[in-house]
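What follows is a single structure, written as structure tokens, with notes after it.
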Amino acid sequence: MAADTRSETAATERFEDVDWNDVGGLGFTRRTLALGVSSLAYAVAVLYDVFLTEDALISGTNWLFLLTLLAGVFFVAWPLADNRRLTAYYWRRFKKNRAAVISAIYLLVVFVLGTFGPMLIAKPELNVLAAYQPPVFLSVDSSVPTSCVGQAAEGLCHGTWKYPLGTTSDGKGIARLVVFGMRVSMQVGLITMLIVISIGTVVGTSAAYFSGLVDELLMRYVDIQQTFPTFFLFLIVTYLFKPSLFLLITIFGFLGWGGIARLVRSEALQRREESYIQAAENAGASDGWIIRRHLMPNVSNTVITAATLLIPSFILFEATFAFLGLTDPSTPSWGQVISSGRGDLDSAWWIATIPGVFLFFTVLAFNFVGDALRDALDPRSEGDA
Amino acid sequence: MSSDPLLSVRGLKKHYPITEGVLKKEVGRVKAVDGISFDVESGETLGLVGESGCGKSTAATSLLRLEDPTDGDIVFDGEDITEFDDTRLKSFRRRAQMMFQDPSSSFDPRMSVGESVAEPLEIHGMRDRSRRRRIVENLLERVGLSASDFDRYPHEFSGGQKQRIALARALVLNPDIIVADEPVSALDVSIQAEIISLMRDLQDEFDLAIVFISHDLGVVREVCDRVAVMYLGEIVEVADTETLFTDPQHPYTRALLSSIPTPDPTRRNEQIELTGDVPSPSNPPSGCRFHTRCPEVIPPAEFDLDQDEWRHVLDLRLRVDSGLDVEDVRSFLVAEGVANDPEAVPDDAVERELRREFDIPETLSDAAAETVLSEGLTALVSGDHDHAKQTLDEAFSTVCERDAPTLETSERGSTAACHLVDESVTVESPVTND
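Chains A and B, in that order, give the protein sequences. 1 is the number of the first residue of the first sequence in UniProt numbering; add one for each residue after it. 1 is the number of the first residue of the second sequence in UniProt numbering; add one for each residue after it.
Encoded structure:
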């Protein structure tokens, strides 16, 4: 049977002809190569920004956001594009949930607007003369705005396309504030998520794979960290230093991964017992190889689902802090705008309501997408597909 | 055995500690594999058979050092692999591969099967992707699949196809030995035959040595050149397949062989039924580990007992040793309606019930043995457990319990660890303690 299927052409090579004293050659995949080059470029740019320039090119938060985007390209988008069949399979399952598809489109719009919008439009500026303008197509009693930018007729001030979503009490355009707020929310949600799942996954898989003392040390540390009141730490740190988005992200990122680590560990413990792990050991794979190539990919479903459900909680945290005035006042975020409009709810309802609606739908959309991803990726539900 | 064997295992032990409490104090050991020795020549297939839980799989994983053995030497091609450091162990891994029992869990569901088969090549430093692909595509064709299967995922294959792929993965590094842990027991019988014939073809082509682990004696007879029978972490018999199947030396082997169903209804085998439970490997029986269940256990010289009788008497004695509660028997008799309350059950009824329970006749064929047994039973029933134990222990002891037999080679070329073999005597004859 083995003999007659053997077709000797130039392109075939037989395993028994391999000279094991002379293997090698450089065979990086395009992805590995691109990843290497971009990480190097990124590292150089950060070092240049930190050590060689007086003024920062972009803020720390933006550097982290760039890193998150790179990670998204190389660890989500690229593999998905590489494995089209698997991607198509997941998409077929995902799209069964129509609410999740709509949510995903909405989130994509928010993401794109939030990422690129602030580069294209100017930061909203203080303009007392244009305060309290109503959104376009709506009108408000002429006594509310200081002066009406749009048409004023019969004692009503009509909204204008100059400020499509109206203005705040200090005349900032809410449409622009919302776009800038999108960036803040996306940054907080995505960067914190990246930090949390990176640390959580490494700790969780290592604890499960090495077990014994390593497991004990890591998980007991997680226990301690989980009892730590992150909220109060944030209060103290903002009191001591200038409050900033960077601070918020790092504090919540570096102290918030305990739950993910536990989740990943329990999942990885099950995977560790599978015989493909033993097969890899038997092939001579190192610990790092097995964790990287087998354990991590096989817990990724759990991680992705958990990550999608973590993002809205971070966005809400940020909005809460901004609402309480605990964040950098120069960073326009949704929570801040809601807070600034809360005194004018009876006269200028749109100031607090519009960013509130965006916040509400963003959080809701992440939850929908997370649920649908869990259904689409969870191997336990694979049978009923 | 002209030159040194390819693989030589000597006194391999794998014990798992049983720990208790926070401080992980060792309170006992599960002796999964307890001192096994065998050789494998290159190009030979050695079968390792035994019941579930007898340590076959542990033997496989420890002889490949997937788990570090507790003790013993494993000499592969002249070098002791138990002393290898990481680098040398890795080059040993290239020459010794393993096939797993469960085809559904032995492939990473996130990797295409091609990547899985190519993984060992990559681990051992072949970084050229297209070369790996060429080799694996060629290999997939040679195990009866097609090159285009490279990009498919494990769940798209049947169990038999997956075992073909597993064979490809085991072969891809061109090893000298493959340890196959129940490679066909999860498959349908018709598929089993295909995989087995594929393994044979490949073995002939590449002069592979195979350690074939199975509980299925039918398959083992098909595949193996020699067979080692394991019981409770020890090898009890090693022989050429033909010798083992036609002339088994060890009573355990005979019991295993009698359990193979025969398709011919007119030639129904005499079924040998094993009594008693499989002992726990954390506390294996003394002497010959099989003596608690052995149908041919050697009777004491001073009595002339029928073999069946003796087995049942010994069963009773061992039960008394491990603590037989007479009160339970009384309660049982109350439930049967013999008396109204346990105290009122007459002693002779309890004795009768005990004899019935252990299949011991009303009177033993040997008068002296009967006297001792009655004395023991009376003591037992009257509540004097220690006296009963002592009486029975003194009279009904066997060489099988006292001394562990060593592997002895019989004149027929098979090697068995049994006191019956070195004496080559019939069961009924008295056996002197050597």
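Glycine included, each C-beta is placed from N, C-alpha and C at the ideal position.
Query: Going by beta-carbon coordinates alone, are A:Val128 and A:Pro134 separated by less than 8 Å?; Result: no
Query: Along chain B, in chain order, which residues have C-beta atoms closer than 7 Å to that of A:Pro297?; Result: Arg110
Query: Step through the CB atoms of chain B and report whether any lies within less than 8 Å of the CB of A:Trp20.; Result: yes
Query: Let me know if A:Ser300 comes out buried or exposed under the rule of 16 or more other beta-carbons within 10 Å of its beta-carbon.; Result: buried
Query: Would you tell me roughly how many angstroms separate the C-alpha atoms of B:Asp216 and B:Pro69, rounded to the nearest one?; Result: 26 Å
Query: Since B:Tyr231 is in the beta strand (DSSP E), which residue starts that stretch and which ends it?; Result: 226-231
Query: Any C-beta of chain A sitting closer than 8 Å to the C-beta of B:Pro5?; Result: no
Query: Please list, in chain order, all residues of the same chain as A:Val196 whose beta carbon is under 7 Å from its beta carbon, the five residues on each side excluded.; Result: Gly253, Gly256, Trp257, Ile260, Leu310
Query: Quick check on the DSSP output: the alpha helix (DSSP H) that includes B:Lys389 runs from which residue to which?; Result: 385-395
Query: Assign A:Gly193 to buried or exposed, taking buried as 16 or more other Cβ atoms, counted over all protein chains shown, within 10 Å of its Cβ.; Result: The identity of residue 193 of chain A in the sequence shown is Met, whereas the question assumes Gly. Flag for A:Met193 reads buried.
Query: Given A:Ile291, which residues of its chain have a CB within under 6 Å of its CB, disregarding the five upstream and five downstream residues?; Result: Thr205, Tyr209
Query: Straight-line CA distance for B:Ile235 to B:Thr275?; Result: 20 Å
Query: Verify the CB distance criterion: does B:His215 have a CB-CB separation below 8 Å to chain A?; Result: no
Query: Closest by CA to A:Thr168, which one among A:Tyr132, A:Glu13, A:Gly155?; Result: A:Tyr132
Query: When burial is assigned at 16 or more other CB atoms within 10 Å of the CB, is A:Met1 buried or exposed?; Result: Note on A:Met1: pLDDT 39, under 50, position unreliable in the model; the coordinate value appears next. Answer is exposed; the Cβ neighbour count stays below 16.
Query: Please report how far the alpha carbon of B:Ala239 lies from the alpha carbon of B:Arg134, in whole angstroms.; Result: 42 Å
Query: Name, in chain order, the residues that DSSP records as bridge partners for B:Asp73.; Result: B:Arg10
Query: Extract the residue ranges of the alpha helix (DSSP H) inside the stretch 241-320 of chain B, only unbroken runs of 4 or more that lie entirely within it.; Result: 241-246, 251-258
Query: Figure out for me which residue from B:Met99, B:Lys24, B:Arg93, B:Glu156 has the closest Cα to the Cα of B:Met111.; Result: B:Glu156
Query: 8 Å is my cut-off, CB to CB: does A:Thr302 come that close to chain B?; Result: no
Query: Is B:Pro346 near B:Cys294, with beta carbons less than 8 Å apart?; Result: no
Query: For the ligand ADP, is there any heavy atom lying closer than 7 Å to the beta carbon of B:Ser382?; Result: Within the structure as shown, the ligand ADP is missing, as the structure has no ligands at all.
Query: With DSSP as the reference, please indicate the residues paired to A:Ala152 in a beta bridge.; Result: A:Cys157
Query: At least one CB of chain A closer than 8 Å to the CB of B:Met199: is that the case?; Result: no
Query: What residues in its chain sit with their C-beta under 7 Å from that of A:Val369, if we drop five residues either side in the sequence?; Result: Ala100, Ser103, Ala104, Leu107, Thr308
Query: Within 10 Å of its beta-carbon, does A:Asp328 have 16 or more other beta-carbons around it, so buried, or fewer, so exposed?; Result: buried
Query: Please classify B:Ile360: does DSSP put it in a helix, a strand, or coil?; Result: coil
Query: Taking 6 Å as the limit between beta carbons, can you name the residues of its chain near B:Val223, skipping five residues before and five after?; Result: Thr45, Ile196, Phe212
Query: Please name the residues in the stretch 260-291 of chain A whose beta-carbon is closer than 9 Å to at least one beta-carbon of chain B, in chain order.; Result: Glu273, Glu274, Ser275, Tyr276, Ile277, Gln278, Ala279, Ala280, Glu281, Asn282, Ala283, Gly284, Ala285, Ser286, Trp289
Query: If you draw a straight line from the C-alpha of B:Ser424 to the C-alpha of B:Glu401, how long is it?; Result: A caution first: B:Ser424 carries a pLDDT of 44, below 50, which makes its placement in the model unreliable, though a value can still be read off. About 18 Å.
Query: The alpha helix (DSSP H) that contains A:Ala71, what's its start and end?; Result: 60-72
Query: Measuring only the C-alpha atoms, how far is A:Ala45 from A:Arg272?; Result: 39 Å
Query: Would you say A:Val23 faces chain B, with C-beta separation under 8 Å as the test?; Result: yes
Query: Who are the neighbours of B:Val172 on chain A, taking C-beta pairs under 7 Å?; Result: Phe15
Query: Below 8 Å, can you find three or more Cβ-Cβ pairs linking the stretch 89-96 of chain B to the stretch 273-288 of chain A?; Result: yes
Query: Mark B:Asp34 as exposed unless 16 or more other C-beta atoms lie within 10 angstroms of its C-beta, in which case mark it buried.; Result: buried
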